[in-house]
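The structure appears below as structure tokens.
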Amino acid sequence: AGYRLADRVFDIKRKFSVAVELGCGRGYVGQHLDNEAVESLIQCDTSEGYLAHCKLPQDVPTTRMVVDEEFLPFADNSVDIFLSSLSLHWVNNLPGTFKQVQTALKPDGVFLGCVFGGETLYQLRGALQLAETEREGSCTGRTTGPCQPPFTFFHLLAGNHIPLSHRTWVASCTKLDSPC
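UniProt numbering applies: residue 1 is where the sequence shown begins, and numbers increase by one.
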């Protein structure tokens, strides 16, 4: 998913001065960027351990920051592009995070994100439900939130009156069982 998201950056025909990778983990997106697309990269994660082992791009000056995605430290209109690959499902206040992203983005800024779709891991969910039914006689529904369609983020943005017309929002939905 990281390579695919980085590849989407190259589809945008411009150079980004400041790129932020939210929830970078071990640098899954950033390691694929180069200085033709990005002048500087800020890799952010809540885990200091992940940041310590983060893979860096070859020729892009990179800063690492321990950051909680719900409390972004970026100044207004200071970021050209936010990248996030498979980390936003951990955020408790997603609309609040998107408001902060929108505030930090420059007027022509871009948010590029990859999230799990509602049908991701459905085989595992079914197997666990079957096992619980066989052992316990019934199955208890457990979710971290309602399963929503892939473009729910746009509904979240619209529900918080964030104007979408001034920004470029690109979403990508990834299934774990599809080949990379």
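Glycine included, every Cβ here is placed at the ideal spot set by N, Cα and C. Please read all numbers here as calculations on a predicted model, not as lab measurements.
Residue i: buried (16+ other C-beta within 10 angstroms of its C-beta) or exposed?
i           : result
residue 75  : exposed
residue 41  : buried
residue 66  : exposed
residue 32  : buried
residue 3   : exposed
residue 159 : Residue placement at residue 159 is flagged as unreliable, the pLDDT there being 49, under the threshold of 50; the coordinate-derived value follows with that caveat. Burial call: exposed.
residue 71  : exposed
residue 28  : buried
residue 57  : buried
residue 146 : Only weak support exists for where residue 146 lies, its pLDDT of 47 falling under 50; the value from the coordinates is given anyway. So residue 146 counts as exposed.
residue 64  : buried
residue 123 : exposed
residue 128 : exposed
Per DSSP, what are the beta-bridge partners of residue i in this structure?
i           : result
residue 131 : BP columns for residue 131 are empty, so no partner.
residue 105 : 79
residue 119 : None, per the DSSP bridge assignment.
residue 63  : 42
In terms of alpha-carbon separation, which member of the options lies closest to residue i?
i           : options          : result
residue 61  : 30, 123, 5       : 30
residue 111 : 2, 20, 1, 15     : 20
residue 23  : 130, 101, 84     : 84
residue 126 : 114, 139, 77, 43 : 139
residue 52  : 25, 39, 68       : 25
residue 89  : 11, 120, 55      : 120
So, under 8 Å CB-CB, residue i and residue j are touching, yes? Tell me the CB distance rounded to an integer number of Å.
i           : j           : result
residue 37  : residue 18  : Not a contact, Cβ separation roughly 12 Å.
residue 80  : residue 49  : Not a contact, Cβ separation roughly 28 Å.
residue 97  : residue 69  : 5 Å
residue 82  : residue 101 : 5 Å
residue 35  : residue 59  : 5 Å
residue 13  : residue 39  : Contact flag wrong, Cβ pair sits at about 15 Å.
residue 114 : residue 86  : 6 Å
Which residues mark the beginning and the end of the alpha helix (DSSP H) in which residue i is found?
i          : result
residue 4  : 2-11
residue 51 : 48-52
Name the two residues that bound the continuous beta strand (DSSP E) containing residue i.
i          : result
residue 20 : 16-22
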